[in-house]
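To keep things clear, I will list the structure first and then write my remarks on it.
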Amino acid sequence: MPHPPILRGIQLVVDALQRAGHTVVEWRPYKHKYAVDLIGSIYRADGGEDIRNVVTLGGEPLISNIANIIGPGVKEKIDLNVMWDIQIKKYEYQQEYLAIWMERNEINAWIQPIAPHAAIRHDQYKYGGYTSVINLLDYPAVVVPVTFAEKETDITDLNYKAISDLDRQVHDDYQADVYNGAPVAVQIIGRRLQEEYVIGLAEQVGRALGSS
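This is the structure:
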């Protein structure tokens, strides 16, 4: 579950679009846990060698969320046949998602978080699925600034119930005082090969929010 500032940011966008005469409907993610795991296997296909080499050139240690993907325990390279199987699964997933979108062809784009939190504190980036799934689908996305976290407004939901250990960890990282003033943004996501169209939609969202 996203932190309170992100949930408020999404609602601000929804309200602004509805005031501007647009229709906003709910979209249920399809097999995103599967997609996160699948793209993780692609990131680790070379045992993390490429990422480690780049980081080594910079002379700095791996940041925590990258270390979680290609940490010291990940060194074995994927066999070529296994990699082809992963690519087939990726293609099949893309086709499944496209079929679902085609069933709801009235939907032009999605609005969703970029991350479950506003601008993150050091070593607390724990979940990248909001963007990694979009990368796996090869969909264009544009980030739109929305607002800033407000400690008086963005309070923790006392009825919150975790759906996983990771969800609980992300939730427990939220501190209203610490995040106060941090920027909040959303991403506008469209179909493949519609980059210019998605940029246009992002501009409309910005105008609806009252920004340039």
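So that you can map any letter, position 193 of the sequence shown is 193 in full-length UniProt numbering, and since no number is skipped, the others follow by simple counting.
C-beta atoms are modelled at their ideal positions from N, C-alpha and C, and glycine is treated no differently.
Inset, instruction - Leaving aside the five residues before and after A185 along the sequence, list all residues of the same chain whose C-beta is less than 8 angstroms from its C-beta, in chain order. - result: Contacts found: G9, I114, V143, V144, P145, V146.
Inset, instruction - Spell out whether any CB of chain C is found under 8 angstroms from the CB atom of D154. - result: You won't find chain C in this structure, because it holds only one protein chain.
Inset, instruction - Pull up the distance between the alpha-carbon of D79 and that of V55, whole angstroms please. - result: Taking the straight line joining both Cα atoms gives about 24 angstroms.
Legend entry - Separation of N53 from G59, as counted between CA atoms: 10 angstroms
Inset, instruction - Express the C-alpha separation of W27 and K69 in angstroms, rounding to a whole number. - result: In the sequence as presented, Lys is not what sits at residue 69; that position holds Ile. Those two C-alpha atoms are separated by around 28 angstroms.
Legend entry - Separation of A67 from L57, as counted between CA atoms: Rounded to the nearest whole angstrom, the CA to CA distance from L57 to A67 is 16 angstroms.
Legend entry - Nearest-angstrom Cα separation, counted from M83 out to D46: Looking at the two C-alpha atoms, the distance is approximately 10 angstroms.
Legend entry - Close-in-space but distant-in-sequence residues of the same chain around D138 (CB under 6 angstroms, 5 per side omitted): R192
Legend entry - Residues near S132 in its chain [Cβ-Cβ closer than 7 angstroms; skip 5 each side]: V36, I39
Inset, instruction - Put P29 into one of helix, strand or coil per three-state DSSP. - result: coil
Legend entry - Distance, Q87 Cα to S212 Cα: The predicted position of S212 is uncertain, since its pLDDT is 41 and thus under 50; no value can be drawn from it.
Inset, instruction - Closer than 6 angstroms by C-beta to L201: which residues in its own chain qualify, once you throw out the five before and the five after it? Chain order, please. - result: In its chain, beyond the 5 residues on either side, A109, I188 have a beta carbon closer than 6 angstroms to the beta carbon of L201.
Legend entry - Expected contact under 8 angstroms - CB spacing of I120 and P4 to nearest Å: About 15 angstroms separates the two Cβ atoms, so there is no contact after all.
Inset, instruction - Ignore the nearest five residues each way along the sequence and tell me which others in Q11's own chain have a CB closer than 8 angstroms to its CB. - result: Answer for Q11: no residue qualifies.
Inset, instruction - Hey, could you find the ends of the beta strand (DSSP E) T147 is sitting in? - result: 141-148
Inset, instruction - Would you please state the rounded distance, in angstroms, between the beta carbons of Y160 and M1? I believe it to be under 8 angstroms. - result: 7 angstroms
Inset, instruction - Taking all protein chains shown into account, decide if V13 is buried (16 or more other Cβ within 10 angstroms of its Cβ) or exposed. - result: buried
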